[in-house]
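A.B. asks: Just passing along the structure, written as structure tokens.
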Amino acid sequence: MTDWRPPLPLIGAWLGLLALLALTVTLAYVPLGAGNAVVALTIGTIKAGLVAAIFMELWHRRGLTLVFAGAGLFWLGILLWLGSMDFMTRT
Amino acid sequence: MWRQWIPFWHPGLSPHSGDVDLLFTGLLIASALVLALLFFLLALFCARYRAGHQTDRDHRVKKSWHWEVSWTAASFVCFLVLFVWGASVYFQIYRTPADEHDVFVVAKQWMWKTQHPGGQSEIDALHIPVKRPIRLVMASQDVIHSFFIPALRLKHDVVPGRYQDLEIEVDKPGHYHLFCAEYCGTDHSGMIGEIVAMEPADFSNWLTQQAPSSTLASEGGQLFRELGCSGCHGGGSTVRAPPLEGVYGKPVPLSDGTTVIADDKYIRDSILMPRSQVVAGYQPVMPSFEGKVSEDQLLRLVIYIKSLAGHPS
Amino acid sequence: MSEKTYLTTDFTLRSWFLTTDHKRIAILYFASLIFFFFIGGAAAAAIRIELATPQADLVSSDVYNRLFTMHGIIMVWFFLIPSIPNTLGNFIVPLMIGARDLAFPRLNLMSWYIFMLGGCTTLFAIFAGGVDTGWTFYTPFSTLYSNSYVIVAAAGVFIAGFSSILTGLNFIVTIHRLRAPGLTWYRLPLFLWSLYATSVILVLATPVLAITLLLMATERFFGVGIFDPRIGGDPLLFQHLFWFYSHPAVYIMILPGMGVINELISCFSRKEVFGYKFVAWCSLAIAAVGFLVWGHHMFVSGQSLIASLVFSFMSFIVAVPSAIKVFNWTATLHKGSIHFDAPMLYALAFIGLFTIGGLTGLFLACLAFDVHATDTYFVVAHFHYIMVGGMVTAYFGGLHYWWPKITGRLYSEYWARTAAILIFFGFNLTFFPQFILGAEGMPRRYHVYPPVFQVWNVLSSGGAAILAVAYLMPLFYLGYSAFFGKRAPANPWNAPGLEWQTSSPPPEFNFETQPVVTREPYQYNERFDAEPQNA
Amino acid sequence: MPESSAFAPQYASIRHRDYTAELGIWVFIATEVLLFGGLILAYFVYRHAFPPGFAAGSRHTEIVIGTANTAVLLTSSFLVAWAVEIFSPATAKIVTWLLIGAACLGLVFIVLKGIEYSKEYDEHLVPGIDFQLAGPKANGVQLFFVLYFVTTAIHALHMLIGICLLLTLAAICRKAPTTRHHTALHSAALYWHFVDVVWIFLFALIYLPGRSTS
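Structure, rendered in structure tokens:
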């Protein structure tokens, strides 16, 4: 009767996510100036990475699946980079 | 003049348009060479290697990489040259030096309204002296328009919500088309006017003939009082508001610790969104004039405040 | 005919409208696209008639604005973008890779229904009163000032976008997963490489259009200013978002055409495509770099000069792979054995017209000249050379090439060649004068114009009349041949591609036995000594 | 696990089909990334233009509800991942309950979101319907709330679709699940996790800015 229990990595990821959630909310109230945004987005990225690696099983995938998962992010990067370039460099 | 030799091409009439024409010629020559080579090869191959024609078809080129690399490199180098050329002229065209004869352009559905500092205003026309750079300050009342003078090879969109500077200069007297080039609704194609370039003497005659009773600055000053601005910004008022004399063009310290230069945009923003950039040491009490003043009136107010630049504060 | 083909397995309406057979879905798309093509074409005809004189005589300004908007929306989203991918692509992709169907056949059918829903919504907007924003939906005109069915039209485009996404998804997965044994990437026909690149754009760009139109409709419907300068919004943000999709969309409209041209040139030169790997990777390079150039639509819009500089540079870069392709096609002809059948005439026309379109694209990428030429007829001429001279010509070429496979019948070579030549001349007469108009400074979207521009407009309208007749011709002789033409053999062009290894038209699941691939594509001279047998 | 009896003719094997389906979902997720990408670009552009307005807007949101919702969604994702991991005929019952649990958590999320929306409505913070906020930051706050409502509404729509998927799968998996259902569940799970990932970023962008200043 062990086959219904969740594997340890899943539980670990879940608890880790909740811990990171608590951390990010706490840190949001600490005045860090521009650092707040950096911290919030960094922790967000770590959380998303955890979900992708463990829940979405990317940890066990290779090759094509990773390329496809990365492609969306890469193009998002293009959109954000070139899209905001105009607004950042306007005089 | 070499420019007259381009088919169907009327030479540009401003200092920069000469550069643009030269660039256009360069592009045309490059394209013509490429097209000639390509069409020659296509015709040659089609004729020589047509099916049934007995000719040497042995020793086909199999290893292709050196061909590929050479035409990739050749295209790339050509493109790089064109890019640098085009970019350098572009930066010349859109350069806007400060102190020049300012003309104010308000675009609205579907007309161009232009105003000279002396108060002379025109509709769908703009008189300017030749051989003298004119700085246009353009604003749109409603949608995006685009100020386009083909003879000067010059165009710029006029986006609502901001002032757009543009420098124009005409070499030769004459009447030239002014078009709206950005689709702006029903009468878009009717939003055309003319640029009238005159000899400096004729132009000053024209200015005097057209001279209205009051200049833009004085109309702005009148508005300044009518709208109640003077109640707070005027000397000796009870409400404490920053004085506006001598402000224009100077750095202004803001309450958030930063500093801005009091240019057209800052003054415009301060009228429409007074509480976004509050001068250090003052309370954000000024009401917004968003929706209460038109672009025309805004311009007059800005010009009025600008005219106070010389006064001591 | 003893065995059943995909056309004869079942004749009920249900068997057509609930089919999951990629070939039947391709036919459904084909029929819908003809319909949309002629609606968009009718609008174009009305525009050209109106522009024959400088004054307004046929229609009012409001009607004129609705006409060019309808022409743009219908032609871009309901003809060009789905044209080659959804008809020829849908039909040929599984055949070319030796598969029995696409990876997700039901998704494929769904995408057609979504497409039709989007199409009907847009048609409703057009016939209920029209849209006058131009196909670009620029704010704040579309959100605050336009007095027409903007939201409905945008909804139609929004819905059709999901059809594009599903098609792209289907092609990507199919090409990855369903290739026949032995069909490695470098053995794929180049048509598939270009469709793959197209699909990447469809999947990654279309959602941005969806969200942009959604924001625009929200602003218009609720009166909230997302792009409204009066409350601090920025109209240029809309343009950035819009062109993030709409510039790559141009490559959606040309890459499949380039793919078809590879097949045609090599087949009718009886020779493999010169520089196969370069051409293949150029497709992907165009798709990737095509995402980095959208700001070249905004050189005069007031975006920062630095942004303009970067976008101009990228625009020159993206022209490199296109140039490489043109050189490779020309080199393919070298020492070939060239047949001038109708598809080849289209292919040659494509090379010429596409090159002119591409070179004038460089004019527009060139910052200083773009300041003069943007928003004039120069731009109109340029993109028609790419989209009509390029894509539509390639589409007709591909249609003729695969027509025997699709219908199992042969068309009249005489009429096909006549139409091809007529299209070529009609096209040039219509659009070449527009370059001159643009260089002289005639702005686009002008209903009335100064009389100095009339000569070129008359020429253009005259060309359009020829073009209209030429585009109608295939409807008749191809339509005739579909029912009364001579039966086509399985491989009328003597081509080595897998799609020719099954009967014409193919059976329901394409192949009797799973084909196995053992060699590179386009092995014309080694496997076939015979010249193509023509109709 | 019993193999499903048939697979569509375009596939060579069950494994081939499953592998293909997974790839399809990943392509779909790439599309979705760009869908939210447009909104995120708009968000960053306006946050860059109106930093105080966005900080103020953020402070108007309910961080308690936001945090609770994040925890709810993370837990729901965990349940779905668990269900995928242990999927077999022997565990059909547990899998069904896990999926129902995940769907219920999804519903909790939607309900909390609804409560939050109604609070914002009461505070007159809904642009286009009832927005009454004056002052220097009004423009920035309004833009913040427009983007907030559009983004969270689209996210909530994704949640609703996901909940329907999970409930359908729960109903199917109750009896004799096969490999085919495992593929379906795996695909739905990837989608559900993706919606979770989107929320993680929305949480950081919507609720957290401006908390450390007044």
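In order, the protein sequence lines correspond to chains A, B, C and D. Per this note's numbering: the first sequence = residues 220 to 310. Per this note's numbering: the second sequence = residues 3 to 315. Per this note's numbering: the third sequence = residues 52 to 586. Per this note's numbering: the fourth sequence = residues 7 to 220. Ideal Cβ placement from N, Cα and C applies to all residues, glycine included.
1. Just checking my contact of VAL105(B) with LEU138(B) at CB under 8 Å: how many whole Å lie between their CB atoms?
2. Have a look at the DSSP bridge pairing and note the partners of THR157(D).
3. Express the C-alpha separation of PHE150(B) and ARG270(B) in angstroms, rounding to a whole number.
4. How should ASN207(B) be labelled, buried or exposed, when 16 other C-beta atoms within 10 angstroms of its C-beta is the threshold for buried?
5. Interface residues of chain B around LYS386(C) at Cβ under 7 Å?
6. List the residues of chain B that VAL275(C) touches, going by C-beta distances under 9 Å, in chain order.
7. Is TYR306(B) closer than 8 Å to ALA243(B) when the C-beta atoms are compared?
8. In chain B, what lies closer than 9 Å to ASN145(D) by C-beta?
9. Pick out whichever of ILE100(C), ARG230(C), SER512(C) has its Cα sitting closest to the Cα of TYR17(D).
10. Between the beta-carbon of VAL351(C) and the beta-carbon of ASP144(B), is there less than 8 Å?
11. What does CYS417(C) touch in chain B if you count any residue whose Cβ is under 8 Å from its own?
12. Please report the straight-line C-alpha distance between PHE137(D) and VAL275(C), rounded to a whole angstrom.
13. With DSSP as the reference, label ASP159(B) as helix, strand or coil.
14. Can you name the residues that DSSP bridges to PRO131(B)?
15. Could you spell out where the beta strand (DSSP E) holding TRP114(B) opens and where it closes?
16. List the DSSP bridge partners of LYS537(C).
17. Starting from VAL259(C), find everything on chain D with Cβ-Cβ shorter than 9 Å and list it in chain order.
18. Which chain C residues sit within Cβ distance under 8 Å of LYS157(B)?
19. Going along chain A in order, which residues have a C-beta closer than 7 Å to the C-beta of ARG217(D)?
20. Per DSSP, what are the beta-bridge partners of TYR165(B) in this structure?
21. Along the segment 124-136 of chain B, what residues have a CB closer than 8 Å to any CB found in chain C?
22. Residue range of the beta strand (DSSP E) that VAL139(B) falls in?
23. Hey, quick one: how far does the beta strand (DSSP E) through VAL311(C) stretch, first residue to last?
24. Give the interface partners of ASP152(C) over in chain D, defined as CB-CB distance under 8 Å, in chain order.
25. With DSSP run on the structure shown, which of helix, strand or coil describes LYS110(B)?
26. Going along chain A in order, which residues have a C-beta closer than 7 Å to the C-beta of ALA358(C)?
27. May I ask you to list, following chain order, the residues of the segment 61-80 of chain C that have a beta carbon less than 8 Å from some beta carbon of chain D?
28. If you draw a straight line from the C-alpha of ILE312(C) to the C-alpha of TYR164(C), how long is it?
29. In this structure, what does DSSP give as the bridge partners for SER334(C)?
30. Determine contact between the segment 116-135 of chain C and the segment 147-159 of chain C, defined as no fewer than three beta-carbon pairs at a distance below 8 Å.
31. From THR569(C) to ALA445(C), what distance separates their C-alpha atoms?
32. Closest by CA to GLN212(B), which one among LEU44(B), HIS118(B), GLY28(B), HIS61(B)?
33. Please check if any C-beta of chain C sits within less than 8 Å of the C-beta of GLU194(D).
34. Out of GLY477(C), MET147(C), MET267(C), point me to the one whose CA is closest to LEU404(C)'s CA.
35. Would you please verify whether the beta carbon of PRO95(D) is less than 8 Å from any beta carbon of chain B?
36. Who are the near neighbours of ASN585(C) in its chain, counting only those whose CB is closer than 7 Å to its CB and skipping five residues on each side?
C.D. replies: In short:
1. Numbered from its first residue, the second sequence carries residue 105(B) at position 103. Numbered from its first residue, the second sequence carries residue 138(B) at position 136. Indeed, because the Cβ distance is near 5 Å, the residues count as touching under 8 Å.
2. Walking along the fourth sequence from the start, residue 157(D) turns up at place 151. Per DSSP, none; premise fails for THR157(D).
3. Here residue 270(B) corresponds to residue number 268 of the second sequence, with the count starting at 1. Here residue 150(B) corresponds to residue number 148 of the second sequence, with the count starting at 1. In a straight line, the C-alpha of ARG270(B) is about 25 Å away from that of PHE150(B).
4. Here residue 207(B) corresponds to residue number 205 of the second sequence, with the count starting at 1. The residue is exposed, with fewer than 16 neighbouring Cβ atoms inside 10 Å.
5. For this step, residue 386(C) is matched to residue 335 along the third sequence. Within chain B, the residues near LYS386(C) are TYR51, ARG59, ARG62.
6. The residue you call residue 275(C) lines up with position 224 of the third sequence. Neighbours of VAL275(C) on chain B: none; closest Cβ ~16 Å, over 9 Å.
7. Counted from its first residue, the second sequence places residue 243(B) at position 241. Counted from its first residue, the second sequence places residue 306(B) at position 304. For ALA243(B) and TYR306(B), no; Cβs fall outside 8 Å.
8. In the fourth sequence, the residue the question calls residue 145(D) occupies position 139. Going along chain B in sequence order, the residues near ASN145(D) (Cβ under 9 Å) are MET275, SER278.
9. Numbered from 1 along the fourth sequence, position 11 holds the residue referred to as residue 17(D). Nearest C-alpha to TYR17(D): ARG230(C).
10. Looking up residue 351(C) in the third sequence gives position 300. Looking up residue 144(B) in the second sequence gives position 142. No, they are not a contact pair.
11. By one-based count along the third sequence, residue 417(C) stands at place 366. Within 8 Å Cβ-Cβ: LEU25, LEU29, LEU84, PHE85, TRP87, GLY88.
12. Indexing the fourth sequence from 1 puts residue 137(D) at position 131. Indexing the third sequence from 1 puts residue 275(C) at position 224. Straight-line Cα distance between these residues: approximately 10 Å.
13. Here residue 159(B) is taken as the residue at index 157 of the second sequence, counted from 1. Correct three-state label for ASP159(B): strand.
14. Position 129 of the second sequence holds residue 131(B). In the DSSP output, where bridge partners are listed per residue, PRO131(B) has MET200(B).
15. Numbered from 1 along the second sequence, position 112 holds the residue referred to as residue 114(B). Residues 113-117.
16. Position 486 of the third sequence, counted from the first residue, corresponds to residue 537(C). Answer is LEU461(C), bridged to LYS537(C).
17. Position 208 of the third sequence, counted from the start, is the residue given in the question as residue 259(C). What VAL259(C) touches in chain D: LEU40, LEU41, GLY43, GLY44, LEU47.
18. For the purposes of this step, residue 157(B) is taken as residue 155 along the second sequence, with counting starting at 1. Those are VAL351, VAL422, HIS423, THR425, ASP426, listed as they occur along chain C.
19. On the fourth sequence, position 211 is the one that residue 217(D) refers to. Under the 7 Å cutoff, chain A gives ALA247, TYR248.
20. On the second sequence, residue 165(B) is found 163 positions in, with the first residue counted as 1. Bridge partners of TYR165(B): none, in fact.
21. none
22. On the second sequence, position 137 is the one that residue 139(B) refers to. It spans 136-142 - the beta strand (DSSP E) in which VAL139(B) sits, taken as one unbroken run.
23. In the third sequence, counting from the first residue as 1, residue 311(C) sits at position 260. Per DSSP, VAL311(C) belongs to no beta strand (DSSP E); it is in the alpha helix (DSSP H), 286-320.
24. Translated into positions along the third sequence, residue 152(C) becomes position 101. Per Cβ cutoff of 8 Å: ALA14, PRO15, GLN16.
25. Along the second sequence, one-based indexing puts residue 110(B) at 108. Residue state, collapsed to three classes: strand.
26. Along the third sequence, one-based indexing puts residue 358(C) at 307. Neighbours of ALA358(C) on chain A, chain order: MET304, ASP305, THR308.
27. none
28. In the third sequence, the residue the question calls residue 312(C) occupies position 261. In the third sequence, the residue the question calls residue 164(C) occupies position 113. Their Cα atoms are separated by approximately 29 Å.
29. Locating residue 334(C) in the third sequence gives position 283, counting from the first residue. Its beta-bridge partners do not exist; DSSP assigns none.
30. no
31. Walking along the third sequence from the start, residue 569(C) turns up at place 518. Walking along the third sequence from the start, residue 445(C) turns up at place 394. Approximately 29 Å between the Cα atoms of the pair.
32. Position 210 of the second sequence, counting from 1, holds the residue named residue 212(B). Closest by alpha carbon: HIS118(B).
33. In the fourth sequence, residue 194(D) corresponds to position 188, counting from 1. Strictly speaking, residue 194(D) in this sequence is Ala, with Glu absent from that position. Not an interface residue.
34. By one-based count along the third sequence, residue 404(C) stands at place 353. Comparing Cα-Cα distances from LEU404(C) to each of GLY477(C), MET147(C), MET267(C), the minimum goes to GLY477(C).
35. Here residue 95(D) corresponds to residue number 89 of the fourth sequence, with the count starting at 1. False, the Cβ-Cβ gap to chain B never drops below 8 Å.
36. What you label residue 585(C) is simply residue 534 of the third sequence in a count that begins at 1. Low confidence applies to ASN585(C): its pLDDT is 45, below 50, so where it sits in the model is not reliable, and the reading given next is rough at best. If we look at ASN585(C) and ignore the five residues flanking it on each side, its Cβ neighbours are ASP392, GLU464.
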